[in-house]
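Number of protein chains: 2
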Amino acid sequence: MPDPASKLHWEDFAPGRVFEHGDLLVTREDIVAFASEFDPQPMHLDEEAARQSMLGGLAASGWHGCSMFMRLLAEAFVLRSASMGAPGVDEVKWLAPIRPGDRLTLRIEVTGTRPSNSRPDTGFVQIAAALRNRSGVEVMTLKSSIMIRRREGAPA
Amino acid sequence: MPDPASKLHWEDFAPGRVFEHGDLLVTREDIVAFASEFDPQPMHLDEEAARQSMLGGLAASGWHGCSMFMRLLAEAFVLRSASMGAPGVDEVKWLAPIRPGDRLTLRIEVTGTRPSNSRPDTGFVQIAAALRNRSGVEVMTLKSSIMIRRREGAPA
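Dropping the structure here:
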């Protein structure tokens, strides 16, 4: 079943293309709810314990940061693309704490593309992404490859 | 403020040490709730759309898998260790879909350790982790380094 042609396909992701999207407000309640379910370390749950930690105050789980990255990535282009998913993640760096009240902005740059060897209808799009807070501080960077359908199959 | 000596410290993580922990039940409601908040792609939200996708049926967001990995990691040893957090993730591979009804087990192997250059009270512990379902299929693997306090500072 072909995707509507209006969707972004592999050919639309030229290296150097940049997407920017956000902002996403992070509340104290969001931070504690995520940590309670997935990362119940005191520094993500309790202000006093967090002050004693390397983070110096309540901060979101790094995996919460990754999950918010995904939300922004979906809104930035994935939901209007012929994306098929991703085989994994090449690298994540947690650079600075994500605090209650932060508003996060996503910047994505396409760093490379290549056709799939095994699926002639598909290609890979390599991205380098950065989440920044309102002060412009990079709180997280990430590198990954996404599988996206090609408009036309590979030439025979 | 020193940690209680009973906690696991950097010296306790000899290369080759293995931790196993689980099982964690994944429900359809869990999958849809996570996806609704963080990864609203149809293949994580809707059975019919998922059947048309590469996943062949409803499956958890890869980031949901990472978040459940963190939950199991916390329970496996982080919450009873002098862990200080992690600077990032070296690699994630999403190998097979996580389905409603799956029960996930975590296996972690310590693959290396090194003292921190900048913090004599701290060391890094490298881990290779795998999430498996009840059939023994690896659904996800992950490599990372965790910062853990040393029992004694480095020799002068």
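Note that the protein sequences, when read in sequence, are chains Z and V.
For the first sequence, our numbering begins at 61 and goes up steadily by one.
For the second sequence, our numbering begins at 61 and goes up steadily by one.
All C-beta atoms, glycine included, are put in the ideal place defined by N, C-alpha and C.
Being a predicted model, the structure only gives us computed values, none of them experimental.
Query, Result
"Name the two residues that bound the continuous beta strand (DSSP E) containing V:P175.", "163-175"
"Check whether the stretch 102-121 of chain Z touches the stretch 135-142 of chain Z, taking contact to mean three or more Cβ pairs, one atom from each stretch, closer than 8 Å.", "no"
"Starting from Z:L139, find everything on chain V with Cβ-Cβ shorter than 8 Å and list it in chain order.", "P100, Q101"
"Do Z:L166 and Z:A189 have their CB atoms nearer than 8 Å?", "yes"
"Taking just the CA atoms, how far does V:D162 sit from V:D83?", "9 Å"
"Applying the 10 Å Cβ sphere with the 16-neighbour rule, what's the burial state of V:A65?", "exposed"
"With 16 other CB atoms within 10 Å as the buried threshold, where does V:R209 fall?", "buried"
"Please list, in chain order, all residues of the same chain as V:Q186 whose beta carbon is under 6 Å from its beta carbon, the five residues on each side excluded.", "T171, G172, S205"
"I'd like to know whether the C-beta of V:R88 is nearer than 8 Å to at least one C-beta of chain Z.", "no"
"Nearest-angstrom Cα distance between V:T201 and V:F79?", "15 Å"
"So which residues of chain V does Z:D150 contact, with C-beta pairs closer than 8 Å?", "E151"
"Run through DSSP, which three-state label would Z:M207 get?", "strand"
"Give the interface partners of V:A136 over in chain Z, defined as CB-CB distance under 7 Å, in chain order.", "Here the premise fails: no neighbours, minimum Cβ distance about 13 Å."
"Which chain V residues sit within Cβ distance under 7 Å of Z:G32?", "The requested residue 32 of chain Z does not occur in the structure, where chain Z is confined to residues 61 to 216."
"How about V:S178: is its C-beta nearer than 8 Å to some C-beta of chain Z?", "no"
"Relative to the alpha-carbon of V:R88, which residue among V:F184, V:F98, V:G116, V:L105 has its alpha-carbon at the smallest distance?", "V:L105"
"Any beta-carbon of chain V closer than 8 Å to the one on Z:G161?", "no"
"In chain Z, which residues lie less than 7 Å from V:P147 when you measure between Cβ atoms?", "K153, W154"
"Which residue's Cα is closest to the Cα of V:R77: V:P147, V:L68, V:I168?", "V:I168"
"Note down, one range per segment and in chain order, each beta strand (DSSP E) of at least 3 residues found wholly within the stretch 62-116 of chain V.", "78-85"
"Given Z:R192, which residues of its chain have a CB within under 6 Å of its CB, disregarding the five upstream and five downstream residues?", "T165, E198"
"Name the chain V residues that come within less than 7 Å of Z:W123, Cβ to Cβ?", "C126, S127, M130"
"Output yes or no for whether 8 Å exceeds the beta carbon distance between Z:G122 and V:V152.", "no"
"Could you tell me how far apart the beta carbons of V:R140 and V:K203 are, in whole angstroms, since I believe they sit closer than 8 Å?", "Not quite, the Cβ-Cβ distance comes to about 22 Å (not below 8 Å), so this is no contact."
"Evaluate V:R194 with the Cβ neighbour count: other Cβ atoms within 10 Å of its Cβ, from every protein chain shown; 16 or more gives buried, anything less gives exposed.", "exposed"
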